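Residue numbers (full-length UniProt numbering): 1 to 331. Notes follow once the structure below has been shown.
Rendered as structure tokens:
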């Protein structure tokens with residue numbers, strides 16, 4: 001059994017990574033239904049929350065069916081981050097996660113996200129003060145280091161643990177790599193194999209098949225796996241991994257009917273939560289994967305991603321179901 005604070009999780013839990021404009025309540029609900037053990041919100045700006053910025057505040061919405069759920073925040077100013085803890089606690093999450101890994105320039109330029117990897121002492125002190133501020137478990141998501149020449153993740157993880165971090169998720173790339181090249185899990189395994197480490201160590205980066213999840217578990221010995229891009233338009237990924245762990249075989253391909261039903265529910269939940277315009281716009285990125293494997297899908301995808309009215313998108317779903325009903329998908 002793996003524990004984050006007092007939260008009990010199964011062996012080798014699967015976590016839905018925090019992803020901007022992706023891991024919102026509708027998508028988290030679908031992933032939870034399909035086997036995600038912990039889900040995280042989109043990352044939330046501490047400065048945005050303090051200013052009561054509508055988009056930041058909206059991201060605090062969580063629902064009982066999602067639990068356990070973590071709210072992820074980012075920032076580099078101690079006072080702002082502590083005020084954010086007080087705001088976040090009112091949403092009653094199970095976990096507060098600190099983003100020390102986002103590589104995006106607008107975040108890094110403010111010293112937040114992966115920008116803080118240049119100042120390990122600040123990373124440590126911020127974590128320590130946030131742990132003191134709340135009774136909720138505080139976790140961290142980070143990267144291997146700023147660049148290849150500054151990888152000190154074994155030391156960093158130990159220091160964060162020693163000031164009260166309850167679990168750490170590590171993306172196997174440096175900030176300099178962004179999302180290029182292959183993720184390197186060996187330094188993450190080195191963190192796990194440090195005899196002084198006793199908190200869960202979760203791996204992240206390039207887990208896009210059940211086999212890779214198994215490799216992370218069996219070859220690298222990590223405590224769990226955080227799944228990001230592989231889940232976009234494929235909330236079944238969690239179920240596929242668990243089925244493979246249990247049976248050694250791939251789950252049967254998800255039927256077209258299931259795919260269409262998930263896409264419908266996703267779009268409707270998104271509209272219900274954030275309104276027609278944003279609901280339609282922010283689900284577009286999922287459709288390529290929802291319908292991956294359908295031949296000559298481009299014309300239908302174009303309808304789905306260029307239509308501004310939800311009625312037109314729902315109609316495109318109907319067309320796909322009508323034309324390709326019974327289509328066999330490759331694994």
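Just so you know, even glycine gets a beta-carbon here, dropped at the ideal spot from N, CA and C. In this text, all values refer to a predicted model and were calculated from it rather than measured experimentally.
#### Entry: Burial state of residue 205, where buried means 16 or more other Cβ atoms lie within 10 Å
buried
### Task
Quick one: give me the first and last residue of the beta strand (DSSP E) that residue 144 is part of.
Element bounds for residue 144: n/a, residue is neither H nor E.
### Query
Is it right to say residue 299 is buried, meaning 16 or more other beta carbons lie within 10 angstroms of its own, or is it exposed?
exposed
#### Entry: Closest residue to residue 276 among 307, 190, 256 (Cα-Cα distance)
307
### Task
Indicate whether the contact test is met: 3 or more Cβ pairs, each with one atom in the stretch 285 to 303 and one in the stretch 55 to 64, closer than 8 angstroms.
no
### Query
What does a CB cutoff of less than 8 angstroms around residue 65 pick up in its chain, not counting 5 residues either side in sequence?
29, 32
### Query
Start and end of the alpha helix (DSSP H) containing residue 27?
25 to 33
### the stretch 113 to 122 contacting the stretch 81 to 88, beta-carbon criterion three pairs below 8 angstroms
no
### Query
The alpha helix (DSSP H) with residue 121 in it runs from where to where?
120 to 133
### Message
Can you tell me whether residue 192 is buried or exposed? The criterion is at least 16 other CB atoms within 10 Å of its CB, across all chains shown.
### Response
buried
### Task
Hey, could you find the ends of the beta strand (DSSP E) residue 74 is sitting in?
69 to 74
### Query
Candidates 258, 282, 257: which alpha carbon is nearest residue 269's?
282
### Beta-bridge pairing of residue 140 - partner residues as DSSP gives them
98, 168
#### Entry: Among 15, 322, 62, nearest to residue 256 - alpha-carbon criterion
322
### Between the CA atoms of residue 253 and residue 95 - distance to the nearest angstrom
34 angstroms
### Task
Measure the beta-carbon distance from residue 190 to residue 172 and round it to whole angstroms, keeping in mind my assumption that it falls under 8 angstroms.
Not quite, the Cβ-Cβ distance comes to about 11 angstroms (not below 8 angstroms), so this is no contact.
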